[in-house]
Amino acid sequence: MSSEKSQALTNAEKQRRYRERQKDSGKKELRGYLTPEAMQCYEEIAQKTQWNDSTLLSNAIRLMYAAHKLGQVGILNSWLNEHKR
Numbered sequence: 092m093s094s095e096k097s098q099a100l101t102n103a104e105k106q107r108r109y110r111e112r113q114k115d116s117g118k119k120e121l122r123g124y125l126t127p128e129a130m131q132c133y134e135e136i137a138q139k140t141q142w143n144d145s146t147l148l149s150n151a152i153r154l155m156y157a158a159h160k161l162g163q164v165g166i167l168n169s170w171l172n173e174h175k176r
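All letters in the sequence shown, in the order written, are residues 92 to 176 by my numbering.
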């Protein structure tokens with residue numbers, strides 16, 4: 092048995108290792124700030140779907156991309172503006 096004790100990892104070290112694992116698995120971290128309107132939408136969707144932040148963001152981007160490809164972004168944006176969302 093070794094008399095050396097392994098030191099506990101700091102929170103920063105744990106976060107760094109987590110980010111590295113996510114990056115190695117092909118994921119990319121995105122950051123941003125939500126408007127109050129977007130935060131209301133986020134809370135409603137999270138409550139209804141039980142998705143975590145990562146899943147919610149990934150699906151939001153994928154849905155936005157689908158709307159773009161189908162030419163529906165203008166219609167969706169108009170609906171958001173009309174409903175103050």
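Just so it is clear, CB atoms sit at the ideal spot from N, CA and C, and this is done for glycine as well.
query: Taking the C-alpha atoms as reference points, what is the distance between Ser93 and Leu100?; result: Its pLDDT being 49, under 50, Ser93 is placed unreliably in this model, and the value from its coordinates should be taken loosely. Each residue's Cα considered, the two are about 19 Å apart.
query: Determine the extent of the alpha helix (DSSP H) in which Tyr133 is found, giving its start and end residues.; result: Pro127 to Thr140
query: Out of curiosity, what's the CA-to-CA distance linking Gly178 and Tyr156?; result: Beyond the ends of the chain as shown, which are 92 and 176, falls residue 178; an answer cannot be given.
query: If we ignore side chains and look at the alpha-carbon of each, how far apart do Leu167 and Lys119 end up?; result: 26 Å
query: Taking the alpha helix (DSSP H) that His72 belongs to, which residues open and close that run?; result: The chain is shown from 92 up to 176; residue 72 falls before or after that span and cannot be answered.
query: Who are the Cβ neighbours of Lys114 in its own chain at under 7 Å, not counting the five residues just before and after it?; result: none
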